[in-house]
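Enquirer: Its first residue numbered 115, the sequence shown is counted upward by one per residue in the numbering used here.
The beta-carbon is built from N, C-alpha and C at its ideal position, and this holds for glycine as well.
Since the structure is predicted, the reported quantities are computational estimates derived from the model, not experimental observations.
This structure is in structure tokens; I'll ask about it shortly.
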Amino acid sequence: MRTEQAVSVRLSDYRPPDWLVETVDLDVSLDPTHTVVRARLRLKPNPHAAAPAPVVLDGDELQLRSIRLDGAALAADAYVATPDGLTIPQPPNRAFVLEIETALDPSANTKLMGLYRSGNAYTTQCEAEGFRRITYFPDRPDVMAVFTTRIEADKAEAPVLLANGNMTAAGDIPGSTRHFAVWHDPFPKPSYLFALVGGVLGVVADSFTTMSGREVALKIFVEPGKETRAAYAMGALKRSMRWDEQAFGREYDLDIFMIVAVSHFNMGAMENKGLNIFNDKNVLASPETATDQDFNSVEAIIAHEYFHNWTGNRITCRDWFQLCLKEGLTVFRDQEFTSDIRSRPVKRIADVRALRGHQFVEDAGPLAHPVRPEAYREISNFYTSTIYEKGAEVVRMLKTLLGPERFRAGMDLYFVRHDGRAATVDEFIACFANAAKYDLTQFMLWYRQSGTPELVVQGNHDAGAKTYTLEITQILPPTPGQPVKEPMAMPFAIGFLGPDGKDRPVMLADGRRLDRGVLTLTKAKENFVFSGLDERPVVSLNRGFSAPVKLTANLNDSDLAFLAAHDSDPFNRWQAMQSLATALLIENVAAHRANSPKRAADALAHALGAVLEDHNLEPAFAAQAMTLPSEGDIAREIGRDVDPDAIFAARRELRAEIGRKLATVIADTCHRMTDRGPFSPDAASAGRRALKNVCLDLLATADEATGVVRAAAQYRDADNMTDRIAALATLSHHPVPERQAALDDFYRRYDGDALVIDKWFGLQAAIPETDTLARVKSLTADPAFSLSNPNRVRALIGNFAQANQTQFNRRDGEGYDFHADTMLALDAINPQVAARLMTAFRSWRALEPGRRDKAEAALKRVAAGASLSRDLHDIVARTLGTG
Ligand SMILES: [Zn+2]
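Structure, rendered in structure tokens:
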């Protein structure tokens, strides 16, 4: 195994490739256990390489059958082939053609990297380093080649044959039951964007006319019989294509765009040129089987992968250290898309919740790393929230600093300068510096320094001088490998609310109005003075979450209540309520542990009551307001000596208190938000359902008897999955007979529908009760459970470890032991997914000492496991701080 040989790859070691590949002609003869791949590579020396260099091709578990150079068989002593690589020590010092034949077993490929079988189809996943599992190749993103792919298969087994680009030929193979198809992709691309699919698939077809009037065929391939569930994804695709033309001037380039949904997939989806391959969870959606949240994420992920055609494919990454160049930027683009077509404030709130819930936690623990890492041992462990979500925040800050026009000018320059190339983060930032004539040297620290900056803000009003002074201090906590940091440059949007709750102009001491209310922070400590403020204003800080930081300010409860009621920035209205709740929860967690009396939630309940009574507010916004900080949020804010049981108890008591105090208006809201008409997945209808279901859950927490009756009735009468699963989730938190009855009914009703049964597994794994571990263990023996299906593993094991704080963190350590054992078993099947789920331990050092010791013991047991994959070994070693 590779555990011992795992070496660090360093950004500072980057060298351009010695050999380039001009064209790749692949001939893939599909067979369930014996697929033969013939690759014909036209190689040429890189003019930038210093001297004649050996040809070194990557491989991974490959089996070489033959090799020819310019048509002649290569002598056995002219090359070295192992499963992990192929080297020609003394190649000709000129362009030549290399023909390589390898054999693969797609059915045995449980890692789901390279070519594998999923359900009725052969499929590929090549990012980041999967192409080397198909053939020997310089498998790095700065080698961009033109691919032509011929696929051959049995007609009955794989009537549909797809690859990147446009189809140029197809037909039967005379005298056999086999057929073939040839696909040509005219756009040079790195090997990680290669894809092929063969199988029995149903198709939904449509078309799109681009802004220049070209007709593009659109096809979505799904498991036969599920075509109707792809209609929403098709609509989302067309909305994405139009939006990218309007918002960024980007037009689609091939004659056809295809999406294939597969049931076994390590990631969410993959942007292969012209042939996106999706986890079917992110394509299939119908009212009966998908929740509003599912519809929402189908739309966002379809958009994300489509947007990669320009930010990722046309312009790709020079090396994997630049992963955020395509991911951070494309997440930013999909966030903007959702904001434009749904609700911008609600989208921002949801994104910030996710950022804090995942990325801030990552930044605060042993797995913290910069947006552009300096080194890695296993690149698949860097598909993280830091690269994606913090990477998107950095692009958003750039836009806030420069303003929309100059930001767009920088993007336009980036597309002009780098189209068809593999670029770096520095080149990307240089486009904005040049187009906007703005010095971004200090801003680059966002790519290099890990950790979440903390801002401490002190505001003071001087009634005599009619001025207001903000003193802002930046704190940059140490992270692994980065004990000392420099202050960051960031946009900090502010506003002043007068006593009437209205915005006052934000004027600097010299009387100039501050552009868009955005300050630019650059120093460890700085003062800003504002003029023209006769009366003490309430200051609204970091509006729209303009900088991804932790904020401490001298705002008291009545200031927060005032902001909650009046702030013209909806994000900060929500934030004020969250801040009130967080402070209260932290106090009550401590009180719970000390057995002392809790503080009552009067100010918070008043603010939330006002939200429910304000019928002008978007219901989706009100639903966000009514959702208290999660257990994970509270643990993160407490930061050390964390007791998950005390957090759970304090949060549950607060929810019950709010449910009791606002019982009347909550019941009224439930009633008001109930739609009688036919189901529609649009954002406004989804918002009403979200608010109704948050209210139902609060009612049930406050008054179990009444709430359970209501939830059971909603479960029974629901005509859509959103309402049914919300009712079941509420029931699942109450140990009543109605719970098991509904769970059993749900299983019977949806038996065989994998994506829906995943929800059934997931809900049970999240029940915050002591017998849940036993329940989860027995569910692993259910015939429907399998370690080889990532969606199922994430539903049961992932939800237990990540969505069930009290039971994963059981005081007796049995939750940790179970997770450790499961990860060891999973590692032998699918190391990528095992490594991903192992990150559930990333906050172990913040736990109270008893749990911390038990978590450490479980981690050490995994670290000592025999023949660990490089993926799992890397995560465990970094989590323990030993690697
Ligand atoms: Zn992406």
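(1) Is the beta carbon of A489 less than 9 Å from the beta carbon of S983?
(2) Check whether the stretch 326-341 touches the stretch 252-269, counting contact only when three or more Cβ pairs, one atom from each stretch, lie closer than 8 Å.
(3) Are there 16 or more other CB atoms within 10 angstroms of the CB of D406, so buried, or fewer, so exposed?
(4) So is the beta-carbon of E818 under 8 Å away from any non-hydrogen atom of ligand 1?
(5) Give the DSSP-derived three-state secondary structure of R510 in the structure shown.
(6) Do you know how far the Cα of T149 is from the Cα of A186?
(7) Please name the residue or residues paired with N280 in a DSSP beta bridge.
(8) For Y502, verify whether its CB is less than 8 Å away from any heavy atom of ligand 1.
(9) What residues in its chain sit with their C-beta under 6 Å from that of D433, if we drop five residues either side in the sequence?
(10) For A717, I'd like the list of residues in its chain whose CB is within less than 7 Å of its CB, leaving aside the five on either flank, ordered along the chain.
(11) Output the distance between the C-alpha atoms of T147 and G479, rounded to the nearest integer angstrom.
(12) Just to confirm my understanding: we take A840, look at its own chain, exclude 5 residues before and 5 after, and list those with CB closer than 6 Å. What are they?
(13) Using CA atoms only, rank isn't needed, just tell me which of I589, K599, S654 and G595 is closest to G615.
(14) Return yes when the Cβ of N656 is within less than 9 Å of the Cβ of I608, no when it is not.
(15) The beta strand (DSSP E) that contains L134, what's its start and end?
(16) Indicate whether A350 and L310 have their beta-carbon atoms separated by less than 9 Å.
(17) Does the Cβ of H472 lie closer than 8 Å to at least one heavy atom of ligand 2?
(18) Can you tell me the Cα-Cα spacing of A428 and G363, whole angstroms?
(19) Do F251 and L155 come within 9 Å of each other at the CB atom, strictly closer than that value?
(20) Using a Cβ-Cβ cutoff of less than 6 Å, which residues in the same chain neighbour A523 once the five nearest sequence positions on both sides are dropped?
(21) CB of V445 to nearest heavy atom of ligand 1: below 8 Å?
(22) Given this structure, state the Cα-to-Cα distance separating R790 from S400, to the nearest angstrom.
(23) Over the uninterrupted alpha helix (DSSP H) stretch that includes N393, give me the two end residues.
(24) Mapping DSSP to helix, strand and coil, what is T555?
(25) Look at the alpha carbon of T741 and the alpha carbon of V445, and state the distance between them as a whole number of angstroms.
(26) Ends of the alpha helix (DSSP H) at Q919?
(27) Return yes when the Cβ of E568 is within less than 9 Å of the Cβ of P57, no when it is not.
(28) Based on Cα-Cα distance, which residue from D796, A724 and L813 lies nearest to R766?
(29) Which two residues bound the contiguous alpha helix (DSSP H) that contains H472?
(30) Measure the C-alpha to C-alpha separation of L994 and A827 and round it to an integer number of angstroms.
(31) Between the Cα of A764 and those of A705, E241, T238 and M281, spot the shortest distance and give me the residue it belongs to.
(32) On the CB-based measure, 16 or more other CB atoms within 10 Å of its CB, does A686 come out buried or exposed?
(33) With a CB to CB cut of under 7 Å and the five nearest residues on each side skipped, what residues in its chain are close to F435?
(34) Quick one: is the Cβ of K968 within less than 8 Å of any heavy atom of ligand 1?
(35) Within 8 Å: the Cβ of K440 and any heavy atom of ligand 1?
(36) Answer yes or no: do V509 and M604 have a C-beta to C-beta separation smaller than 9 Å?
Expert: By the coordinates alone:
(1) no
(2) no
(3) buried
(4) no
(5) helix
(6) 24 Å
(7) H298
(8) yes
(9) Y128
(10) D671, A675 and L694
(11) 43 Å
(12) N807
(13) S654
(14) yes
(15) W133 to S143
(16) no
(17) Within the structure as shown, ligand 2 is missing, the only ligands being ligand 1.
(18) The sequence given here places Arg at residue 428; Ala does not occur at that position. Using only the alpha carbons, I get a separation of about 14 Å.
(19) yes
(20) A549
(21) yes
(22) 18 Å
(23) Element bounds for N393: not the alpha helix (DSSP H) but the beta strand (DSSP E), L389 to N393.
(24) coil
(25) 24 Å
(26) Q919 to F922
(27) Residue 57 cannot be examined here, being either before or after the span of the chain that is shown, 115 to 997.
(28) L813
(29) From DSSP, H472 is part of no alpha helix (DSSP H); its letter is neither H nor E.
(30) 48 Å
(31) A705
(32) Per the sequence shown, residue 686 should be read as Asn rather than Ala. Answer is buried; the Cβ neighbour count reaches 16.
(33) L125, R486 and P487
(34) no
(35) yes
(36) no
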